[in-house]
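Protein chains in written order, with the working numbering: chain A, 27 to 457; chain B, 27 to 457.
For glycine and all other residues, C-beta sits at the position ideal for the given N, C-alpha and C.
Since the structure comes first, as structure tokens, the remarks are kept for the end.
Number of protein chains: 2
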Amino acid sequence: MKTVNVGIIGFGTVGGGAAAILAESDPPLSDKIGIDIRLKRIAEKNKGLWRPVGGRLDIFAERAEDVTDDPEIDIVVEVIGGIEPARSLILRALDRGKAVVTANKALLAARGAELFRKAMEKGTSIGFEASVAGGVPVIGAMRDGLIANRIEAIVAILNGTSNYVLTRMVEGGIPFSEALAEAQAQGYAERNPANDIEGADTAHKLVLLACLAFHSLVDLKDVPTEGISKLAAEDIRYAGEMGYGVKLLAIARRRPNGLELRVHPALVPKGHPLYSVRDVFNGVLVFGDATGPVLFCGRGAGRMPTGSAVVADIVDAARGTARQAFSKMAFLHTGPGAAPPVIPLDDIRTRYFVRFTVQDKPGVLGAIARVLGEKDVSIASVIQKEPVAGGGVPIVMMTHSAIEKNFRTAMEEIGRFPFCVRPPAFLRVEE
Amino acid sequence: MKTVNVGIIGFGTVGGGAAAILAESDPPLSDKIGIDIRLKRIAEKNKGLWRPVGGRLDIFAERAEDVTDDPEIDIVVEVIGGIEPARSLILRALDRGKAVVTANKALLAARGAELFRKAMEKGTSIGFEASVAGGVPVIGAMRDGLIANRIEAIVAILNGTSNYVLTRMVEGGIPFSEALAEAQAQGYAERNPANDIEGADTAHKLVLLACLAFHSLVDLKDVPTEGISKLAAEDIRYAGEMGYGVKLLAIARRRPNGLELRVHPALVPKGHPLYSVRDVFNGVLVFGDATGPVLFCGRGAGRMPTGSAVVADIVDAARGTARQAFSKMAFLHTGPGAAPPVIPLDDIRTRYFVRFTVQDKPGVLGAIARVLGEKDVSIASVIQKEPVAGGGVPIVMMTHSAIEKNFRTAMEEIGRFPFCVRPPAFLRVEE
């Protein structure tokens, strides 16, 4: 039986999960794949984290170079996260011809081009299944299973923390701050949750999916990103009354004039495949021209789900299939001019949910409707709610599809009316 | 650029879809994968079906051997269906060292062992992504993306025709015969729908998934199979009132004492991931020990979705990755004794939904409850409904988890009571 040696850099949540699967699976992985994958070394600079793996403590080293530079190690797993030293360590491993497996979406979204080029140049590969949607094998599906398709769009829930917070806001009727505190108490949100809550993590993952979907390098800077921290509990309630849920969505869509890319909270109607993706689950809806919509759904984070994805990439590299598929991944072959242009957020078309909070007096609705009409924003439905504490009457509206720039200009104009008690609040709608 | 030649046997729905993708994709497939995949020949004995593909009519041949025996053809796609001559043609192609791609679940479920062994012996591969869940890449996920997992269970909706019929029965409140006629009018059901409606097609697909999940050869004869043709509209209505949908489920589950395998209609509660898989969609829920539940969902049939899966397998073979992964697929390495035993249906434990139709007189419920109690079947809830046309009062019951054999014995005993106007009707419940 062929033997392949693996080294892991970083013994945190994901590294621990991957190590447990490699060293302790019963029956062993080799029974299933016919290759003996040996975990040779784990580099973890914090000795306080060392714990026996497969009964061995001597598997640990303090220095990451003991993994990257070991000529016996064939596959290097980087699971320390962050840009540096992760980037340098991956480059170092690639330079030595090793296959790399990583869960580092922030690094790949920021510096993927450099790393992928290096891997290509050295005839090796970078596996990153674990970087998107945890244990859900959606990167593999984009690379292999859906390869016959022209991908028209991806609409996805990619951050479990935010989805948990939103689920609690919707189902528990509680405000954002309280839902976040619950998520932190459950261990689903970090002490500093900004990366999850403000959408950055979702945007990193969207960039990776979009690169695969559109076979071109997508730049993180081109993804307008909005998080969920400013969501009002009442908007979630009103949306619910109208048959919509609220999700933090990552959207990438091919349009005749370019690519639409965005991350923001959005209303999704009951019956939409992502509507029932709740709690810490992730859901990725891929629209292929041949397949139509395909939904992938599961746990997007956590020790064992993400460990499962890391080990899938290790097996891919050990089988030799990673290198073959990687060398043919066309998104690096396309020249700089080959990527379709990204459509500015101003130019997208979508439907909107809006809440105006206004003084209860005659003429208000007429004034709002007039401004919307002037900006070519047509109203689909409108409900006036009971007056709220703090003053003002909420008017909740759904629009038909409108151009973002027009819609926002209308919001600014309406917000300047003296009858507006608060600035208008709005959310985009994904049908 | 490397060139790979493909021949297709059968120009029906699936063959036509695959041919269209290979010959007419824009941009061409080669741009994405860096390999020039050329559709060299299509064998279709019915000349009346010949239509230009990529502008060429000279691509057609009448004899399948013009594909299997052509030394220039590297990959043979078998999409004629049925056992013979499909089996002989596949063996003939494998004997010549060609990679085979097929959508033929009936053949693989019946004769997979023979075909897989031949492919292994010849150092080639059989791709069968298109045989389960159409365009949804679930075979690939089982082989690659979820490889790090011990698969604990698969619960799946694998037949689009049945799912459409059930969706119409549930949402339209119409009886089976009417829903089936609608499905036939829509082109979703064949003139002779038995294979879809009676569960055989679902059982074939379950066998393939179970082989991959449990790394052992599962025998079609070990899958108790029940279709949807005997489902009463009223049971679907009562189930709906209790918050359950009805789906034709394929279930494969690892138990301490062996494998549980079965195909039958079942109640699934609102909130279950398969509850919202409606219409012609398929859904496959895989429970991995590391990932937890992962749901795959999409169109399970049709020209382009299934064509997409065929072409994914062609790309897999063209890249050389198919052979590598196939040679390591352990379910053929395990000896005859290595497969876990299959648990007889009598010995499974599950919850049941039951409808008794009885005379409205004192003591009836007591008599029913007594028999159930004697057989260790405990009642979770019971509702007496309004009397029905044709006589009798329906009593609808949900049980707690019980042993199938005990439950069925109780049903027989109760059915013999003179107060039973009709034999008890029951459905299993999947939580």
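**chain B contacts made by the region 94-110 of chain A, where a contact means CB separation under 9 Å** = Per Cβ criterion, the list is empty.
**Asked** Going by beta carbon distance, what residues of the same chain come within less than 7 Å of R442(B), once the five residues before and after it are set aside?
**Response** Cβ neighbours of R442(B) beyond the five flanking positions: none.
**Message:** I'd like to know whether the C-beta of G318(A) is nearer than 8 Å to at least one C-beta of chain B.
**Reply:** yes
**Asked** Which residues, in order along the region 317-351 of chain B, keep a beta-carbon less than 7 Å from a beta-carbon of chain A?
**Response** T317, G318, P319, V320, L321, F322, C323, G324, R325, M330, P331, G333, S334, V337, A338, V341, D342, R345, G346, T347, Q350, A351
**Request:** Please specify which runs of the alpha helix (DSSP H), each continuous and at least 4 residues long, are wholly inside the region 142-170 of chain B, giving them in chain order.
**Result:** none
**Message:** Assuming contact is defined by CB atoms lying nearer than 8 Å, are Q212(A) and R345(B) in contact in what I supplied?
**Reply:** no
**Message:** Spatial neighbours of A316(B) within its chain, please: C-beta separation below 7 Å, excluding the five flanking residues on both sides.
**Reply:** A174, N175
**Prompt:** Can you tell me whether A335(A) is buried or exposed, with buried defined as 16 or more other CB within 10 angstroms of its CB?
**Reply:** buried
**Asked** Taking Cβ to Cβ, would you say G107(A) is nearer than 8 Å to R329(A)?
**Response** no
**Item:** Own chain partners of Y301(A) with C-beta closer than 6 Å, once the 5 adjacent residues on each side are dropped
**Value:** G271, V294
**Asked** Hey, is A167(B)'s beta-carbon within less than 8 Å of any beta-carbon in chain A?
**Response** Yes, contact with chain A.
**Asked** Which same chain residues, not among the five before or five after L115(B), have their C-beta less than 7 Å away from its C-beta?
**Response** I35, A90, T94, E104
**Opening and closing residue of the alpha helix (DSSP H) in which T252(B) lies** = Looking at the sequence shown, residue 252(B) is not Thr but Glu. In the DSSP assignment, E252(B) falls outside any alpha helix (DSSP H) and carries neither an H nor an E.
**Prompt:** Taking only beta-carbon atoms, is D305(B) less than 8 Å away from chain A?
**Reply:** no
**Message:** Let me confirm a value: V422(B) is counted as buried when at least 16 other C-beta atoms fall within 10 Å, else exposed. Which label applies?
**Reply:** buried
**8 Å Cβ cutoff, E50(B) in contact with chain A** = No, E50(B) lies away from the interface with chain A (no Cβ there is under 8 Å from its Cβ).
**Item:** Environment of S203(A) [buried if 16+ CB atoms lie within 10 Å]
**Value:** exposed
**K131(A) burial status per 10 Å Cβ neighbour count (16 or more: buried)** = buried
**Request:** For the region 171-183 of chain B, enumerate the residues whose C-beta is nearer than 8 Å to any C-beta of chain A, in chain order.
**Result:** G171, L172, I173, A174, N175, R176
**Asked** Can you tell me the Cα-Cα spacing of E457(B) and A276(B), whole angstroms?
**Response** For the pair E457(B) and A276(B), the Cα-to-Cα distance works out to about 14 Å.
**Item:** Through-space distance from V164(B) to P282(B), alpha-carbon basis
**Value:** Going from the Cα of P282(B) to the Cα of V164(B) covers about 26 Å.
**Item:** A49(A) versus V79(A) - alpha carbon distance
**Value:** 7 Å
**Item:** Own chain, CB closer than 6 Å to S407(B), minus 5 neighbours either side, in chain order
**Value:** Result list for S407(B): M424, in chain order.
**Message:** Since G333(B) and F307(B) should fall inside the 8 Å C-beta cutoff, what is the C-beta to C-beta distance between them, to a whole number of angstroms?
**Reply:** The Cβ separation is near 17 Å, so there is no contact.
**Request:** Answer with buried or exposed for V414(B), where buried requires no fewer than 16 other C-beta atoms within 10 angstroms of its C-beta.
**Result:** exposed
**Nearest-angstrom Cβ-Cβ length linking P420(A) and R454(A), presumed shorter than 8 Å** = Incorrect: roughly 19 Å between the Cβ atoms, too far for contact.
**Where the region 277-300 of chain B meets chain A: residues whose CB sits under 9 Å from a CB there** = G297, P299
**Message:** Please tell me whether A155(B) has its Cβ less than 8 Å away from any Cβ of chain A.
**Reply:** The displayed chain sequence assigns Glu, not Ala, to residue 155(B). The Cβ of E155(B) sits closer than 8 Å to at least one Cβ of chain A.
**Message:** Measuring alpha carbon to alpha carbon, tell me which residue in L184(B), P201(B), G266(B) is nearest L232(B).
**Reply:** L184(B)
**Message:** What does the Cβ neighbour count give for L83(B), buried or exposed, with the cut at 16 atoms within 10 Å?
**Reply:** exposed
**Prompt:** Listing by chain order, which chain B residues have their CB less than 9 Å from the CB of S302(A)?
**Reply:** G297, P299, Y301, S302
**Asked** Where does I29(A) land, buried or exposed, given buried means 16+ other C-beta within 10 angstroms?
**Response** One detail in the question is off: residue 29(A) reads as Thr in this sequence, not Ile. With fewer than 16 other Cβ atoms within 10 Å, it is exposed.
**Item:** Near-chain B residues of the region 54-82 of chain A (beta-carbon distance less than 8 Å), N- to C-terminal order
**Value:** L55, D57, K58, I59, G60, I61
**Request:** Name the residue from A393(A), G166(A), I109(A) whose alpha carbon lies nearest to the alpha carbon of G138(A).
**Result:** I109(A)
**Prompt:** In chain A, what lies closer than 8 Å to V196(B) by C-beta?
**Reply:** The contacting residues do not exist; V196(B) stays about 14 Å from chain A at best.
**Request:** Would you kindly work out how many angstroms separate the C-alpha atoms of I223(A) and G309(B), rounded to a whole number?
**Result:** 30 Å
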